[in-house]
Amino acid sequence: MRLGFPALLALLLLLGPSVAAGDSGDLEPLTPDWRPSSSPYSDLNSGFTSGSRSHGGSSSSRGYSSSSSRSYGGSSSSGGFSSGSGSSSSRDFGFNRSRSGDSTRSGSGSVPQPFSNFSGSKDDNGACLCSITLPDTTFPADRVERLEFIAHTLSEKFETELLRVKEYVRLISIYEKKLSNLTVRIEIMEKDTISYTELEFELIKIEVKEMERLIIRLKGTVVGSSEIIDQLEVEIRNMTLLVEKLETLDKNNVLMIRREIAALKNKLKECEASKGENVPVALVGPPPSPGNCAHGGVVNISQPSIVQLNWRGFAYKYGAWGRDYSPQNPDKGLYWVAPLNTDGRLLEHYRLYNTLDDLLLYTNAREYRITYGQGSGTVVYKNNMYVNWYNTGNLAKINLTTNTVAVTQALPAAAYNNRFSYANVGWQDIDLAVDESGLWVIYATEASTGNMVISKLNDTTLEVLNTWHTKQYKPSVSNAFVVCGVLYATRTLNTRTEEIFYYYDTNTGREGRLDIVMHKMQERVQSINYHPFDQKLFVYNDGYLLNYDLIFEQELL
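Residues -21 to -1, 1 to 536 in mature numbering (1 follows the signal peptide of the UniProt record, and there is no 0) are what the sequence shown spells out, letter by letter.
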């Protein structure tokens, strides 16, 4: 290793260099006022020692020292470290000055150094030699750099793992709350066996499975065992077993039957309460047999029973629904639902269901399409659908088995296309109805000045058999239906209440006022159809299908 002059200078300053004194060869320490020559690098020669990295300089040539240590020396003529006797020459670097200029060179050998913290000597030429021992190994910079890189990588990995741990802690907190909520819900289920359903079981099972998956993920990422995670896993397994056990208790639908019984009891209470609202109890007798008109007429109505939303959705607010009635098979009629298009005018699609369960579950439905029905005055009688033909005052009979038009017939003098429709309901100038005796049509004419006209129809040919004129203005009526030959008309009291306020008896020609309150779910009633066997009203209320039970006055003997 070659050391430059500045390095040697700094090293000697640190070690405390000495100077030669007189002829005796003594060295004295440097005084604070020493100064190097103006050209410290001029004519500096260096030598090398084979195998020992030693460098020496002489006044005449480059020399080699046999010293085994790393030694450096110089004379006054070659940029050495000491000056001869007398004053220093121009090439003297000022390391060792004589005290008075009368010192003489001493021979080679050991030099006393009373003030030096290093050992030195002079050779035969008067050159000062000193030994410096350097370490055999160099500084491992590449290892330090590699360690730095490893430390940086470990720091990044630590930050990533720390973020993951924080996220898992947050998830554990969330699922602890969910687990607590599930515990509360199951405790409620254990106390009240009617309060839960199959759907709630499925939701609980899904939540428990989510927590199981999270625990598996946590166990896969955490090194070693974690008491909290193990405890959570045990609790989740216990919860799963408990839910499965509760679910098996309802295999025989015991809870469903109990719920139905409770609902029937509530209905019975409501029915008993509604009986006494408008009519004295003495006037209300047992219900007449299906299809029998041995009663004094409608005196009350039950609270609405909400069946469901129509199959086309909430946007289809206009339409009609009911149950087919046939005197030959009064208890075997199919159910039908006929929502109008969103324009509230065109009847384009309808569905048929063999049972009420099929209707409730939207199963086994037969859907048909027509292009000529208008308004919500549709009715079904003896497996035929009767409608107002689009944009005319005609009637049409549609065979439900083939979905084909069997008969069309003009209704004499009938107004149509919103001339005398019901209040708040468009395109229902012609309203068809069914009762125990057959098919009816309710409408108005220009000759009747908009008052309601009732006609009995031949259900085969659609010809008018008989007609009755009333004094009730049709556009002031919200809807109407026929029971045992008696027309009943409704009007709107508010957004949640209708009133059966008018009747016209075609059997006697009498008409009068009633005040039977009829509650509803939505604001507008689009259609009302009566079923003689069930003695129910089928109401289409802003897209919802409702049922009402009619209460009849006991016939006086």
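Built from N, CA and C at the ideal position, the CB exists for glycine as well.
Option nearest residue i by Cα separation, candidates the options
i, options, result
"residue 276", "482, 517, 524 and 295", "482"
"residue 475", "197, 282 and 144", "282"
"residue 437", "484, 386 and 423", "386"
"residue 186", "195, 307 and 161", "161"
"residue 473", "486, 498, 480 and 296", "498"
"residue 336", "372, 314 and 360", "314"
"residue 449", "381, 492, 418 and 477", "492"
"residue 154", "218, 123 and 128", "218"
"residue 321", "296, 464 and 373", "296"
"residue 382", "362, 533 and 442", "362"
"residue 447", "396, 338, 196 and 489", "489"
"residue 532", "272, 395 and 485", "272"
"residue 197", "245, 145 and 165", "145"
"residue 399", "245, 451 and 106", "451"
"residue 369", "208, 339, 380 and 397", "397"
"residue 341", "289, 380 and 356", "289"
Separation of residue j from residue i, as counted between CA atoms
i, j, result
"residue 521", "residue 501", "6 Å"
"residue 319", "residue 403", "16 Å"
"residue 425", "residue 431", "11 Å"
"residue 458", "residue 414", "16 Å"
"residue 302", "residue 378", "15 Å"
"residue 530", "residue 213", "60 Å"
"residue 163", "residue 139", "36 Å"
"residue 331", "residue 151", "52 Å"
"residue 440", "residue 496", "37 Å"
"residue 371", "residue 468", "24 Å"
"residue 121", "residue 142", "32 Å"
"residue 344", "residue 364", "17 Å"
"residue 189", "residue 137", "28 Å"
"residue 512", "residue 274", "14 Å"
"residue 158", "residue 183", "10 Å"
"residue 99", "residue 109", "4 Å"
"residue 334", "residue 216", "43 Å"
"residue 466", "residue 454", "16 Å"
"residue 133", "residue 127", "10 Å"
"residue 147", "residue 156", "14 Å"
"residue 416", "residue 519", "23 Å"
Collapsed DSSP secondary structure at residue i in the structure displayed
i, result
"residue 502", "coil"
"residue 318", "strand"
"residue 138", "helix"
"residue 128", "helix"
"residue 435", "strand"
"residue 313", "coil"
"residue 216", "helix"
"residue 386", "strand"
"residue 93", "The predicted position of residue 93 is uncertain, since its pLDDT is 49 and thus under 50; no value can be drawn from it."
"residue 441", "coil"
"residue 415", "coil"
"residue 538", "There is no way to answer for residue 538, as the model of the chain reaches only from -21 to 536."
"residue 57", "Residue placement at residue 57 is flagged as unreliable, the pLDDT there being 38, under the threshold of 50; the coordinate-derived value follows with that caveat. The answer is coil: DSSP assigns residue 57 none of H, G, I, E or B."
"residue 196", "helix"
"residue 211", "helix"
"residue 188", "helix"
"residue 492", "strand"
"residue 456", "coil"
"residue 324", "coil"
"residue 346", "strand"
"residue 370", "coil"
Proximity below 7 Å, CB of residue i to CB of residue j
i, j, result
"residue 411", "residue 456", "no"
"residue 392", "residue 384", "no"
"residue 352", "residue 326", "yes"
"residue 506", "residue 317", "no"
"residue 304", "residue 329", "no"
"residue 433", "residue 367", "no"
"residue 194", "residue 211", "yes"
"residue 285", "residue 527", "no"
"residue 480", "residue 470", "yes"
"residue 354", "residue 407", "yes"
"residue 418", "residue 509", "no"
Residues that DSSP places opposite residue i in a beta bridge
i, result
"residue 305", "DSSP output for residue 305 lists no bridge partner at all."
"residue 497", "477"
"residue 293", "The partner list for residue 293 (beta bridge, DSSP) is empty, contrary to what the question assumes."
"residue 402", "The partner list for residue 402 (beta bridge, DSSP) is empty, contrary to what the question assumes."
"residue 393", "424"
"residue 468", "459 and 481"
"residue 99", "109"
"residue 330", "316 and 346"
Heavy atom of the ligand ATP within 6 Å of residue i beta-carbon
i, result
"residue 410", "Among the ligands in the structure shown, none appear at all, so the ligand ATP cannot be discussed."
Neighbour flag for residue i against chain B, beta carbons, 7 Å
i, result
"residue 444", "Of the chains in the structure shown, none is chain B; there is only one protein chain."
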